[in-house]
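Per my numbering, the sequence shown starts with residue 4, numbered consecutively.
Glycine included, each C-beta is placed from N, C-alpha and C at the ideal position.
Here the structure is a predicted model, which means the values were calculated and not measured.
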Amino acid sequence: MTRPEEKQSKKLFIKTYGCQMNVYDSERMGDALSVSGYSVVDSPEGADMILLNTCHIREKAAEKIYSELGRMRPHKEANPDLKIGVAGCVAQAEGEEIIRRQPMVDLVVGPQAYHRLPTMLDHVKDGGTVVDTDFPEEDKFTQLPRGPKAKRAPSAFLTVQEGCDKFCAFCVVPYTRGAEVSRPPARLLEEARDLLERGVVEINLLGQNVNAYEADGWSLARLIKEMAKLDGLKRIRFTTSHPNDMGDDLIAAFGEEEKLMPYLHLPVQSGSDKVLKAMNRKHTAESYLKVLERIRAVRPDIALSGDFIVGFPGEEEVDFQATLDLCKEVRYGAAYSFKYSPRPGTPAADRAHVDEAVKGERLKRLQTLITEHQFAFQQSMVGQTIPVLLERAGRDAGQMVGKSPYLHAVHLDAGPEMAGQIVNAKILHSERNSLAGEML
Ligand code: 5AD
Ligand code: SF4
4 MTRPEEKQSK KLFIKTYGCQ MNVYDSERMG DALSVSGYSV VDSPEGADMI
54 LLNTCHIREK AAEKIYSELG RMRPHKEANP DLKIGVAGCV AQAEGEEIIR
104 RQPMVDLVVG PQAYHRLPTM LDHVKDGGTV VDTDFPEEDK FTQLPRGPKA
154 KRAPSAFLTV QEGCDKFCAF CVVPYTRGAE VSRPPARLLE EARDLLERGV
204 VEINLLGQNV NAYEADGWSL ARLIKEMAKL DGLKRIRFTT SHPNDMGDDL
254 IAAFGEEEKL MPYLHLPVQS GSDKVLKAMN RKHTAESYLK VLERIRAVRP
304 DIALSGDFIV GFPGEEEVDF QATLDLCKEV RYGAAYSFKY SPRPGTPAAD
354 RAHVDEAVKG ERLKRLQTLI TEHQFAFQQS MVGQTIPVLL ERAGRDAGQM
404 VGKSPYLHAV HLDAGPEMAG QIVNAKILHS ERNSLAGEML
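Here you go:
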């Protein structure tokens with residue numbers, strides 16, 4: 004039997020890679036393990052358990068994790084009782100292979116099995132190992148034990164949907180995260196209320212394909228509207244969406260729901276219909292642009308962001324030009340672009356690849372254009388008065404960093420006691436990746 008004081012003393016270090024869904028998962032794993040007496044620390048030194056919450060979306064993810072595990076060796080040598088676990092999408096993809104290659108790993112847990120972590124600990128306690136990469140029927144988040152009601156930062160993630168049925172030809176998500184599953188709305192509203200009690204005022208609804216959300220007859224738009232009724236909730240965002248799932252009600256919500264922020268991350272991946280077809284995106288450049296046009300009609304100030312892949316197999320210069328053209332037409336407020344990286348087991352992996360140097364050169368050209376648009380958008384904020392949600396202390400004393408409705412970081416003179424408040428600020432200048440303003 005463990006005495007309570009021993010229970011309190013165990014330290015858990017979680018290193019998170021990849022997307023916001025992993026950030027959310029890591030927080031929930033921390034909550035779940037707090038029930039087993041672990042508290043989260045921010046360095047691996049002296050930890051009793053280290054969890055790597057991994058991402059598999061682009062190349063060499065697994066190799067990076069093996070080298071990271073190699074770097075954990077001194078910690079294990081210093082403390083032979085240290086437990087090391089690998090979670091997330093690399094765990095799902097590699098499974099037992101991880102323990103075969105790195106015998107000091109005790110635990111391999113896929114993204115659908117986190118609610119079983121406390122029981123797994125019982126197995127590894129006495130030197131055993133566990134590999135759990137099953138896809139269970141039940142909602143893993145509902146099953147996760149809750150931690151104490153600790154205060155939270157003003158902005159929080161809430162995973163509402165997981166998995167993807169789209170099978171884009173380059174993407175591992177449908178294999179590592181499985182089929183689309185939406186969490187029941189009642190649970191989500193309950194979790195949202197819990198977050199509000201802990202000081203959260205902005206909720207970012209997460210899903211690999213969040214706008215495909217559907218549970219108990221509720222669409223994402225309905226969920227947003229019901230959530231907006233919660234007292235104390237000031238801002239709602241959602242990410243990541245697929246163009247084909249932008250339903251009429253969701254588009255309308257941008258015009259109707261004040262708490263829904265005017266920002267949409269809507270990846271297109273390429274501006275060439277030939278490449279979009281080869282990617283199995285199931286939309287064209289034109290149908291994508293039509294969706295944006297409809298959103299802009301109801302919310303003219305919407306800021307758009309997107310993802311792009313350059314050098315997908317079969318992409319020629321003319322296709323890449325079509326991507327640049329689409330970018331020029333949309334003028335994204337922010338966008339993320341990547342060189343195509345072949346993922347084993349996905350349909351595009353065995354196709355003839357574009358030369359690496361060509362990929363690199365295209366990426367540079369695309370990023371130059373995107374950065375130009377991003378700066379112009381930031382510059383257009385100068386002189387405007389906008390509501391800023393104050394979130395955390397800034398670099399300098401007496402400064403806070405907040406967020407504009409359009410997801411810009413905004414630096415203001417304010418004290419930490421103002422965290423969670425929305426203030427009106429006049430934007431004075433635009434910096435490299437942020438804005439600076441004064442509170443009115
Ligand atoms: N190669 C490069 N980029 C990829 N992405 C997903 N899979 C790959 C891949 N194999 C990018 C897409 C996606 C984002 C999360 O990561 O642009 O929208
Ligand atoms: Fe991957 Fe997104 Fe395509 Fe789903 S929609 S397969 S998550 S890129």
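Asked                                                                                                                                                                   : Found
For E229, tell me which candidate among E260, Y339 and C330 has the shortest Cα-Cα distance.                                                                            : E260
Inspect the beta-carbon positions of M403 and L410 and report whether they are closer than 9 angstroms.                                                                 : no
Can you tell which of Q324, Q164 and A64 has the C-alpha that lies nearest to the C-alpha of Y27?                                                                       : Q164
Using a threshold of 8 angstroms, is the CB atom of N427 nearer than that to any non-hydrogen atom of the ligand SF4?                                                   : no
Using a 10 Å radius around the Cβ and a threshold of 16 neighbouring Cβ atoms, would you call T374 buried or exposed?                                                   : exposed
For S273 versus I312, is the C-beta distance shorter than 9 angstroms?                                                                                                  : yes
Excluding five sequence neighbours on each side, which residues of the same chain lie with their C-beta closer than 6 angstroms to the C-beta of T136?                  : Q95, G98 and G113
Using only the heavy atoms of the ligand SF4, determine whether one of them is closer than 8 angstroms to the beta carbon of C92.                                       : no
In three-state DSSP terms, what is T5?                                                                                                                                  : In this predicted model, T5 has a pLDDT of only 43, less than 50, meaning its place in the structure is not dependable; the value taken from the coordinates is given anyway. T5 falls in the coil class under three-state DSSP.
Output needed for I17: all residues of its chain with C-beta closer than 7 angstroms, excluding positions within five of it in sequence on either side, in chain order. : S29, M32, G33, V43, L54 and N56
Using 10 angstroms around the beta-carbon of D109, count the other beta-carbons present and answer buried if the total reaches 16, otherwise exposed.                   : buried
Scan the stretch 322-361 and note each continuous beta strand (DSSP E) run of 3 residues or more that stays entirely inside, going in chain order.                      : 337-342
Please state the DSSP three-state secondary structure of H414.                                                                                                          : strand
Which residues in the same chain have their Cβ closer than 6 angstroms to the Cβ of F241, if we skip the five residues on either side of it in sequence?                : L208 and V213
Closer than 8 angstroms: is that where the CB of R180 sits relative to any heavy atom of the ligand 5AD?                                                                : no
Could you please give the first and the last residue of the uninterrupted beta strand (DSSP E) stretch that includes I389?                                              : T388 to A396
Check each candidate in L253, D322 and M52 and name the one with the smallest Cα separation from G3.                                                                    : Nothing can be reported for residue 3, as the shown portion of the chain is limited to 4 through 443.
What residue ranges within the stretch 57-115 form continuous beta strand (DSSP E) runs of no fewer than 3 residues, ordered along the chain?                           : 86-90 and 110-112
Could you tell me the distance, in whole angstroms, from the CA atom of K79 to the CA atom of E48?                                                                      : 10 angstroms
Which word fits S433, buried or exposed, when buried means at least 16 other C-beta atoms lie within 10 angstroms of its C-beta?                                        : buried
Please confirm whether K232 and V204 have their CB atoms less than 9 angstroms apart.                                                                                   : no
Can you name, in chain order, every residue of its own chain whose Cβ lies under 8 angstroms from the Cβ of A351, other than the five neighbours on each side?          : A172, F173, A281, M282, F315, P316, Y343 and P345
Would you check if the distance between the CB atom of G440 and the CB atom of L431 is smaller than 9 angstroms?                                                        : yes
Quick check: is any heavy atom of the ligand SF4 less than 8 angstroms from the C-beta of H245?                                                                         : yes
Report the three-state DSSP secondary structure of T490 (helix, strand or coil).                                                                                        : What the structure shows of the chain is the stretch from 4 to 443, and residue 490 is not part of that stretch, so it cannot be assessed.
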